[in-house]
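Colleague: I'd like to ask some things about the structure below.
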Amino acid sequence: MEKVKITIIGAGVVGLAIATRLASRFGHELLVVERHEGFGRETSSRNSEVVHAGIYYPPGSLKAKLCVQGRRQLYELCREQGIPCRQLGKLIVAVTTGEEEQLEINLAQGRENGVEDLELITARRCRELEPVVNAQAALFSPSTGIIDSHSLMRFYYQQAKSRGATFAFNTEVNDVEPAAKGYLLTTAPDSFRFSSAMVINCAGLGAADVSRKTGISTPPVHYAKGCYFSYTGTSPVKHLVYPVPPAGGHGLGIHATLDLGGRLRFGPDLEYLEKPDYLVDNARKELFCRAVKRYLPDLDENRLEPEMAGIRPRLQGPEDEWKDFIIREEKEAGFPGFFNLLGIESPGLTAAPAIADQVAALVENS
Ligand SMILES: Cc1cc2nc3c(=O)[nH]c(=O)nc-3n(C[C@H](O)[C@H](O)[C@H](O)COP(=O)(O)OP(=O)(O)OC[C@H]3O[C@@H](n4cnc5c(N)ncnc54)[C@H](O)[C@@H]3O)c2cc1C
């Protein structure tokens, strides 16, 4: 039977970052298994591509720590490797007095998380930066930016391969059994079996399923869809523009993001699903227009078209409190050498290099 040292399940941005990180040490002993024909075909290519500063997450949480650390690492990597990104800056805009108070809380939390360059700005300053935006006040985050996530993933993929990692595409892990020295994995469609001393489960939307099949008691991971509408024509804004986030940690609110070509889109909203589907229903346009017009009152609705959707693997259900990423070795549950990454929703793209460091440290100490 074939034997490998480490199997990484899932070639999204997180699996690729981990593969790159671990390939320096484990090279040819590292296998990445991915169910699609190439890397990054699920959530990692269906998101806002925003490099988050680290404002929204409770101090001390993994999301806060790994976002701030990952953002610094990403910008450095982009500079060194010529991966396209732009530090455009972002405005979180308050349109009511209550929201202005919320901005103060976001400011304090962001600073506590290590986001040092945040600035509360007046309506006037906001108008200077973005003349068409309606705001009573705003939180300006200069270090928020955008990145070409595909170029980032291509870089990681090539780097991991050049360090000796093997990629098995079109291969789905459909069973993992604990064995004497590690785990026995079975893949579909070929029912191929091989053994792996360690398993890193970063299968995104499939991670909870893989974890349960291994026999690990796993919290529910919900499918939380986010749709986008694109805007036709020249963007009326130059920065990323976000509303004050809804209470309870349910997303960041429908925001205006730009891509590296300067194209504007709005999204994502938040809708819990029983099973994944990527359809963007034009009926949601009304909801989008209502949300966007709070901060862009002159929005021309005729320019909005349904674009695409992504699905967050969320630990937080519709009625739940805020939940952090889970990144752990399942040693205490009786599964040493099995590393679970669950609920890697936003800011997972930003945090990817820091998540890779965190997993590398867990592997080192295993
Ligand atoms: C709408 C939306 C907007 C977002 N915006 C941002 C943002 O602006 N900034 C940010 O930092 N983050 C953002 N995120 C979060 C970010 O996109 C994710 O955290 C990140 O892409 C997760 O990467 P991943 O590798 O964990 O998951 P994925 O990209 O989903 O990769 C997991 C891989 O595992 C594979 N897989 C699953 N099951 C199996 C199996 N059994 N066998 C083999 N392979 C399997 C899948 O095919 C997939 O390729 C957003 C997410 C969404 C949904």
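The numbering of the sequence shown is our numbering, which starts it at 484 and goes up by one. Ideal placement from N, C-alpha and C gives every residue a C-beta, glycine not left out. Keep in mind that this is a model prediction, so the values were computed, not measured.
From the DSSP output, read off the bridge partner residues of Lys573.
Modeller: Beta-bridge pairing links Lys573 to Ser624 and Leu723.
Colleague: Report the option in Tyr761, Val615, Leu770 and Asp807 whose CA atom is closest to the CA atom of Lys721.
Modeller: When each option's Cα is compared against that of Lys721, the closest is Val615.
Colleague: Could you give the distance in angstroms between the alpha-carbon of Pro729 and the alpha-carbon of Ala577?
Modeller: Rounded to the nearest angstrom, the two C-alpha atoms are 12 Å apart.
Colleague: Would the C-beta of Cys772 count as close to ligand 1, meaning under 8 Å from any of its heavy atoms?
Modeller: No - ligand 1 has no heavy atom lying nearer than 8 Å to the Cβ of Cys772.
Colleague: Nearer than 8 Å: is that true of the beta carbon of Asn530 relative to any heavy atom of ligand 1?
Modeller: Asn530 Cβ: within cutoff of ligand 1.
Colleague: On the three-pair Cβ rule with 8 Å, is the stretch 637-645 touching the stretch 736-745?
Modeller: The answer is no - the stretch 736-745 does not touch the stretch 637-645, with fewer than three Cβ pairs under 8 Å.
Colleague: Rank Gly732, Cys710 and Ala690 by C-alpha distance to the C-alpha of Leu824 and give the top, closest one.
Modeller: The shortest Cα separation from Leu824 among Gly732, Cys710 and Ala690 belongs to Ala690.
Colleague: Arg554 and Gly543 - do their beta-carbons sit closer together than 9 Å?
Modeller: Cβ distance not < 9 Å, so Gly543 and Arg554 don't count as in contact.
Colleague: Taking its Cβ as the centre, do 16 or more other Cβ atoms sit within 10 Å of Ser849, making it buried, or is it exposed?
Modeller: It counts as exposed.
Colleague: Would Gly521 and Gly687 be called neighbours here (beta carbons separated by less than 9 Å)?
Modeller: In this structure, Gly687 does not lie closer than 9 Å to Gly521 by Cβ.
Colleague: Can you list the beta strand (DSSP E) stretches of 3 or more residues lying completely in the stretch 797-828, in chain order?
Modeller: Segments of the beta strand (DSSP E) lying fully in the stretch 797-828: 809-813 and 818-825.
Colleague: CB of Asn657 to nearest heavy atom of ligand 1: below 8 Å?
Modeller: Flag set: Cβ of Asn657 near ligand 1.
Colleague: Using only alpha-carbon positions, find the residue among Asn530, Met484, Ala547 and Lys488 that is nearest to Gly495.
Modeller: Nearest C-alpha to Gly495: Asn530.
Colleague: In this structure, how does DSSP classify Tyr714 when only helix, strand and coil are distinguished?
Modeller: Of the three classes helix, strand and coil, the one that applies to Tyr714 here is strand, per DSSP.
Colleague: Looking at ligand 1, does it come within less than 8 Å of Thr654, judged from the CB to the closest heavy atom?
Modeller: Yes, the beta carbon of Thr654 sits closer than 8 Å to at least one heavy atom of ligand 1.
Colleague: Helix, strand or coil: how does DSSP classify Ala651 here?
Modeller: Here Ala651 sits in strand by DSSP.
Colleague: Taking Thr717 as the reference, which of Leu741, Ala506, Arg594 and Leu560 has the closest Cα?
Modeller: The shortest C-alpha separation from Thr717 is found at Leu741.
Colleague: Between the Cα of Arg786 and those of Phe771, Ala680, Ile794 and Ala648, spot the shortest distance and give me the residue it belongs to.
Modeller: Checked all of Phe771, Ala680, Ile794 and Ala648; the closest Cα to Arg786 is Phe771.
Colleague: Would you report the Cα separation of Asn653 and Leu557, rounded to the nearest angstrom?
Modeller: Looking at the two C-alpha atoms, the distance is approximately 29 Å.
Colleague: Verify whether the separation of the beta carbon atoms of Tyr755 and Ala707 is less than 9 Å.
Modeller: Yes, the Cβ-Cβ distance between Tyr755 and Ala707 is below 9 Å.
Colleague: If you measure from the CB of Thr526, is any heavy atom of ligand 1 nearer than 8 Å?
Modeller: Yes, the beta carbon of Thr526 sits closer than 8 Å to at least one heavy atom of ligand 1.
Colleague: Thinking just about the alpha-carbon of each residue, which of Lys696, Lys776, Val704 and Glu559 is nearest to the one in Asp803?
Modeller: Looking at the Cα atoms, Val704 is the closest of the given residues.
Colleague: Which residues does DSSP pair with Cys568 in a beta bridge?
Modeller: According to DSSP, Cys568 bridges with Ile630.
Colleague: Sorry if obvious, but does the Cβ on Phe522 come closer than 8 Å to a heavy atom of ligand 1?
Modeller: Yes.
Colleague: Along the chain, where does the beta strand (DSSP E) containing Thr513 start, and where does it finish?
Modeller: Per the sequence shown, the amino acid found at residue 513 is Leu instead of Thr. Its beta strand (DSSP E) spans residues Leu513 to Val516.
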